[in-house]
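Visitor: I'd like to ask some things about the structure below.
In my numbering, the protein residues as written are 4 to 210.
Here it is in structure tokens:
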């Protein structure tokens with residue numbers, strides 16, 4: 004049923020805002036549009052048009068485009084949430100690396116959006132769970148608070164940076180400065196290098 008505003012001043016046409024909009028329908032539409040077009044194509048107006056509603060209804064759920072994209076990226080992550088508690092710290096971090104990489108690689112622009120805000124305070128629940136799990140694993144590895152914060156930034160650069168670089172690769176190998184398989188091999192090695200850096204930092208702290 005369409006939502007119709009009160010008549011307002013005499014002579015003004017009623018404002019038809021479209022069907023009621025719940026949060027699930029909004030997030031489902033955001034994910035669908037992001038997979039098809041990338042997040043750069045998303046705006047409040049474009050999403051409202053796809054939903055067949057007034058932009059005002061979207062503002063009942065988010066303050067602005069920034070918060071809307073935060074809602075989107077957290078929903079993408081929710082669908083790929085890994086086990087955050089079982090295994091030793093290396094196993095947990097590898098599991099998180101794989102889950103985050105897979106979550107954002109199929110949605111153009113999402114990794115860059117998150118990477119640009121990796122040092123920000125998080126309001127989105129699933130991103131916050133991932134960050135807390137990373138800190139817990141780093142603490143178990145033997146890092147102090149300062150080292151954990153530094154490694155979180157390295158984690159973001161390694162994992163999300165890999166996705167951003169992968170998105171930028173041209174279709175034709177002839178346009179690459181190095182062969183594609185070497186680029187992909189570098190992606191695979193980066194996790195090992197990150198874990199080695201964590202272990203070294205923990206060892207240096209104990210010595």
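Built from N, CA and C at the ideal position, the CB exists for glycine as well.
Report the residue from 55, 138, 47 whose alpha carbon sits nearest the alpha carbon of residue 67.
Guide: The residue with the shortest Cα to Cα distance from residue 67 is 47.
Visitor: Tell me the residue span of the alpha helix (DSSP H) that contains residue 1.
Guide: The structure shown does not extend to residue 1, since the chain spans only 4 to 210, so no value can be given for it.
Visitor: Is the separation between the beta-carbon of residue 197 and that of residue 138 shorter than 8 Å?
Guide: Going by C-beta atoms, residue 197 is not nearer than 8 Å to residue 138.
Visitor: Counting only the same chain and skipping the five closest in sequence on each side, list residues whose C-beta sits under 8 Å from that of residue 24.
Guide: Closer than 8 Å at the Cβ level, and outside the excluded window around residue 24, lie 54, 56, 60, 61, 63, 64.
Visitor: Where do the ends of the alpha helix (DSSP H) carrying residue 25 lie?
Guide: First-last for residue 25: undefined, no H or E at that position.
Visitor: Can you give me the C-alpha to C-alpha distance between residue 30 and residue 75, rounded to a whole angstrom?
Guide: The straight-line gap from Cα to Cα measures roughly 6 Å.
Visitor: On the DSSP letters alone, give me the boundaries of the alpha helix (DSSP H) that residue 115 sits inside.
Guide: 113-118 is the span of the alpha helix (DSSP H), which, as asked, contains residue 115.
Visitor: Assuming residue 125 contacts residue 134 (C-beta within less than 8 Å), just tell me the rounded distance between them.
Guide: Sure, about 6 Å apart at Cβ, within 8 Å.
Visitor: Would you please state the rounded distance, in angstroms, between the beta carbons of residue 96 and residue 164? I believe it to be under 8 Å.
Guide: With a Cβ gap of about 16 Å, residue 96 and residue 164 do not count as contacting.
Visitor: Taking residue 121 as the reference, which of 141, 140, 148, 152 has the closest Cα?
Guide: Ranking 141, 140, 148, 152 by Cα distance to residue 121 puts 152 first.
Visitor: What residue from 169, 140, 179, 176 has the CA that sits closest to residue 201's CA?
Guide: Among 169, 140, 179, 176, the Cα nearest to that of residue 201 is on 140.
Visitor: Taking the straight line between their C-alpha atoms, what separation do you get for residue 77 and residue 207?
Guide: Taking the straight line joining both Cα atoms gives about 35 Å.
Visitor: Since I believe residue 98 is in contact with residue 111 (beta carbons under 8 Å), could you give me their beta-carbon distance rounded to a whole number of angstroms?
Guide: Their Cβ separation, rounded to whole angstroms, is 24 Å, which puts residue 111 and residue 98 out of contact at 8 Å.
Visitor: Starting from the N-terminal side, write out each stretch of the alpha helix (DSSP H) that is 4 residues or longer and does not extend beyond the segment 153-207.
Guide: Segments of the alpha helix (DSSP H) lying fully in the segment 153-207: there are none.
Visitor: Can you give me the Cβ contacts of residue 51 inside the same chain, cut-off strictly under 6 Å, excluding the 5 residues immediately before and after it?
Guide: For residue 51, where only same-chain residues beyond five positions count, the Cβ hits under 6 Å are 58, 61.
Visitor: Going by CA-CA distance only, name the one from 149, 83, 106, 114 that's closest to residue 160.
Guide: Measuring from the Cα of residue 160, the nearest candidate turns out to be 114.
Visitor: To the nearest angstrom, report how far apart residue 107 and residue 183 are at their CA atoms.
Guide: Roughly 20 Å separates the two Cα atoms.
Visitor: Rounded to the nearest angstrom, what separates residue 204 and residue 71 at their Cα positions?
Guide: Taking the straight line joining both Cα atoms gives about 37 Å.
Visitor: For residue 65, does the three-state DSSP call read helix, strand or coil?
Guide: Coil at residue 65, not helix or strand.
Visitor: Can residue 49 be considered in contact with the ligand MG, in the sense that its beta carbon sits closer than 7 Å to one or more heavy atoms?
Guide: You won't find the ligand MG in this model; it holds no ligand whatsoever.
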